[in-house]
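FYI, in this note's numbering the residues of the sequence shown are 30 to 615.
All C-beta atoms, glycine included, are put in the ideal place defined by N, C-alpha and C.
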Amino acid sequence: MAAAVEEATNAARKEVETTLAASNLAVKAASMAAEEAKVASEAVLSVLKDDVKAARVAAKTDVEEAKIAAKLDVEEAKILAKKDVEKAKVAARDEIAAAMAASKRDVEAAMVAAKMDVEEAKDAAKIDVEEAKVAAGEEITAAMAVIKRDAKAAKVAAKADVEEAKIAAKLDVEEAKDAARQAVEAMAAANRLDVKAAMVVAKKDVDEAMFVVKKDFEEVKVAAKEEVKTAMRSTKRNISRTMSAAQTDVEEAKVTARDEIAAAMAATKRDVEAAIVAAKMDVEEAKDAAKIDVEEAKVAADAEITAAMAVIKRDAKAAKVAAKADIEEAKIAAKLDVEEAKDAARQAVEAMAAANRLDVKKDVEEAKVAARDEVDAAMAVARMDVEKAKDAAKIYVEEAKAAVMASAKIREAKLAAREDNPERRLRRSVSLSAGLPPGKKYHYFLSHKKEHSILGRQPESLAMAIHDSQIVAGFAGFFDVDDLKTITPEQLAADVRMSCAMIVVLHDETCVSSWCRFEWKEAELAGIPVLCIVDAHHVCRTTVLEQVKQCSSHLMVHQWVSYIDSYRHDASIKITDWLHEHATQN
30 MAAAVEEATN AARKEVETTL AASNLAVKAA SMAAEEAKVA SEAVLSVLKD
80 DVKAARVAAK TDVEEAKIAA KLDVEEAKIL AKKDVEKAKV AARDEIAAAM
130 AASKRDVEAA MVAAKMDVEE AKDAAKIDVE EAKVAAGEEI TAAMAVIKRD
180 AKAAKVAAKA DVEEAKIAAK LDVEEAKDAA RQAVEAMAAA NRLDVKAAMV
230 VAKKDVDEAM FVVKKDFEEV KVAAKEEVKT AMRSTKRNIS RTMSAAQTDV
280 EEAKVTARDE IAAAMAATKR DVEAAIVAAK MDVEEAKDAA KIDVEEAKVA
330 ADAEITAAMA VIKRDAKAAK VAAKADIEEA KIAAKLDVEE AKDAARQAVE
380 AMAAANRLDV KKDVEEAKVA ARDEVDAAMA VARMDVEKAK DAAKIYVEEA
430 KAAVMASAKI REAKLAARED NPERRLRRSV SLSAGLPPGK KYHYFLSHKK
480 EHSILGRQPE SLAMAIHDSQ IVAGFAGFFD VDDLKTITPE QLAADVRMSC
530 AMIVVLHDET CVSSWCRFEW KEAELAGIPV LCIVDAHHVC RTTVLEQVKQ
580 CSSHLMVHQW VSYIDSYRHD ASIKITDWLH EHATQN
């Protein structure tokens with residue numbers, strides 16, 4: 030659409046330039062230029078109408094393409110949602126099978142695990158549905174923003190072109206006026222110079238004066254004919270009348286001059302001095318008559334030029350008014366087309382969203398029903414097993430409860446010791462620092478993307494929290510916020526090689542970062558193991574997994590850790606254990 034509007038503006042500029050050139054010629058040839066201006070204005074209007082129609086067609090095409098793209102995005106979102114639901118179903122079945130196997134040992138633990146798995150599946154399905162909604166909304170918002178920007182740009186360009194045309198027309202009119210004034214002044218100056226030359230020659234010699242006067246009158250006659258021809262081209266019938274009158278006056282002046290010169294020649298035979306005086310008087314009278322004729326010609330030419338300029342101004346104003354009307358009609362039509370496209374797109378998206386919600390709700394309900402059926406079957410089998418082994422299970426359950434409580438207390442004690450025991454942290458830090466292999470400076474290199482288009486700086490905050498937890502655990506890690514003031518590829522590559530391992534914090538936009546991909550490539554070349562941490566609280570793990578598969582296979586070697594706010598301590602423990610295994614000398 031922007032290209033079509035640009036072509037329209039270029040065509041409008043070319044036509045305006047043609048019209049302005051025609052107006053310049055019209056000042057010299059008013060009659061011919063008036064017709065050409067009308068034809069040019071009609072051509073401009075037809076071209077503008079064609080361009081507006083083309084712009085409408087292009088806008089409709091862009092809207093149709095936006096609709097098709099939105100439909101494709103929604104279909105892809107539906108397919109991904111269905112795939113996620115299927116995966117959730119499979120995962121739920123696997124978890125339920127595991128729960129059924131575990132129910133033989135501990136029925137209560139199996140039921141709790143099954144409920145947790147079902148809740149996680151529901152949460153995952155909800156997250157996927159919300160992501161699909163957000164993605165569709167973003168695509169539609171982006172498409173509408175592009176359409177609005179194109180429409181605004183077209184309006185601004187049209188206004189600018191109209192203003193430029195107005196300014197150019199005013200400048201051309203002023204230039205035409207100046208040219209006409211200069212031409213009239215030049216003609217008057219030429220006439221004055223010719224008369225002065227005639228006076229000088231007449232004073233020197235009457236015979237020479239007669240010859241020079243004839244020559245001057247011939248030149249005046251030629252100049253007058255040329256000026257009259259120019260005036261005829263620029264001022265129509267009135268200038269032709271003025272030319273005829275001027276020619277008549279010139280002929281009369283010539284006849285009068287010849288008679289006076291003949292009388293002067295006859296008088297020279299009797300009295301040369303008297304002839305000279307008479308010649309001077311005749312020349313003065315001729316000068317006065319010529320001045321009068323020139324002034325009348327100037328007045329007539331000014332009147333004709335003024336009339337021609339008024340006609341041109343009226344035609345230009347009419348053309349401007351017509352162009353403005355066409356532009357306003359085009360704007361209104363474009364607005365109507367855009368509004369219709371918006372309504373159609375909005376209705377299509379609402380229908381798709383409604384269908385998508387119905388499909389997702391149906392799939393979720395089916396998953397819930399299937400999960401309930403399987404849980405009920407598992408519970409029935411478990412009840413039968415419990416009835417058969419109730420006595421033995423009681424003892425086992427009590428022991429299991431005691432073991433669980435003991436393990437929970439031990440876990441709390443470990444966390445408290447890790448978090449609240451400075452001496453232990455100091456000893457661990459000393460032991461870990463002492464456990465760095467030769468030539469290594471860091472236990473790990475923390476790779477992350479600083480900002481997210483929706484989450485803002487949340488990825489950097491998560492990376493900082495992971496880094497702080499491992500520093501508390503006694504590890505020495507590289508984090509660019511703390512360890513690097515000026516980021517260069519060479520310095521990053523050196524720091525990666527100085528690390529024993531790499532921890533990567535992943536979101537759905539991390540693979541887009543060229544810096545992150547560079548760090549991963551350096552780790553792969555150096556043979557450094559990589560542990561990936563997925564922010565499962567904000568992004569879909571499956572989506573990130575597909576992105577990383579296409580980006581770097583080296584990140585797929587070790588089992589990923591899902592980071593959820595409610596299980597952040599578990600994630601921190603898993604990271605610490607992995608670092609003990611892969612980033613210490615022991």
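Option in the options with minimal Cα separation from residue i
i, options, result
"Q376", "V76, E44, K96", "K96"
"S601", "L491, S582, S263", "L491"
"I593", "K254, K342, R299, H566", "H566"
"K470", "W607, A329, C529", "C529"
"E369", "S581, A494, K118, K89", "K89"
"M493", "H481, R546, D509, S482", "D509"
"H609", "A552, P466, V563, W544", "P466"
"I156", "K578, H583, C569", "C569"
"H472", "Q487, P488, E489, H496", "H496"
"K320", "E214, T38, F474", "E214"
"D152", "K118, A127, K181", "K118"
"E35", "A552, V251, A98, K181", "K181"
"E480", "C545, K244, A37, I361", "C545"
"D331", "D236, E357, D207, V251", "D207"
"A98", "A51, E167, Q211, A127", "E167"
"V37", "M61, A295, R85", "Here the sequence assigns Ala to residue 37, which means Val is not the residue at that position. Closest by alpha carbon: R85."
Environment of residue i [buried if 16+ CB atoms lie within 10 Å]
i, result
"I108", "exposed"
"M585", "exposed"
"R178", "exposed"
"M531", "buried"
"G468", "exposed"
"T539", "buried"
"D113", "buried"
"K233", "exposed"
"A329", "buried"
"V389", "Annotation note: pLDDT 49 at V389 (below 50); position unreliable, coordinate value reported separately. Looking at its Cβ environment, which holds 16 or more other Cβ atoms inside 10 Å, V389 is buried."
"R266", "exposed"
"D537", "buried"
"K258", "exposed"
"R262", "buried"
"E44", "buried"
"L94", "Here residue 94 turns out to be Glu, not Leu, going by the sequence shown. E94 is exposed by the Cβ-count criterion."
"P488", "buried"
"V590", "buried"
"F474", "buried"
"D102", "buried"
Inter-residue spacing [alpha-carbon to alpha-carbon] between residue i and residue j
i, j, result
"A120", "M145", "12 Å"
"M527", "E148", "43 Å"
"M413", "G485", "53 Å"
"V68", "S75", "11 Å"
"L554", "E104", "40 Å"
"D619", "K116", "Residue 619 cannot be examined here, being either before or after the span of the chain that is shown, 30 to 615."
"L365", "E204", "42 Å"
"A231", "K309", "Because the pLDDT of A231 is 46, which lies under 50, any placement of that residue in the model is unreliable, and the number read from its coordinates should be weighed accordingly. So the two alpha carbons sit approximately 7 Å from each other."
"E256", "A354", "41 Å"
"D524", "F507", "8 Å"
"V534", "K550", "16 Å"
"E325", "A87", "59 Å"
"W607", "V163", "35 Å"
"D91", "K82", "14 Å"
"Q588", "E160", "25 Å"
"A409", "D402", "10 Å"
"A339", "L222", "33 Å"
"S582", "D79", "55 Å"
"K478", "Q520", "17 Å"
"R299", "L54", "57 Å"
"E46", "V577", "57 Å"
"E668", "A72", "Limits of the chain in this structure are 30 at one end and 615 at the other, which puts residue 668 out of reach."
"V541", "A612", "28 Å"
Interface flag, residue i vs chain D, CB-CB below 8 Å
i, result
"L109", "In the structure shown, chain D does not exist; there is a single protein chain."
Count Cβ pairs between the segment 498-505 and the segment 556-563 that sit closer than 8 Å; are there 3 or more? no
Flag this pair as touching only if the segment 592-606 and the segment 570-577 have three or more C-beta atom pairs under 8 Å; answer yes or no. no
Along the chain, which unbroken stretches of the beta strand (DSSP E) at least 3 residues long are found entirely within the segment 525-583? 528-535, 559-563
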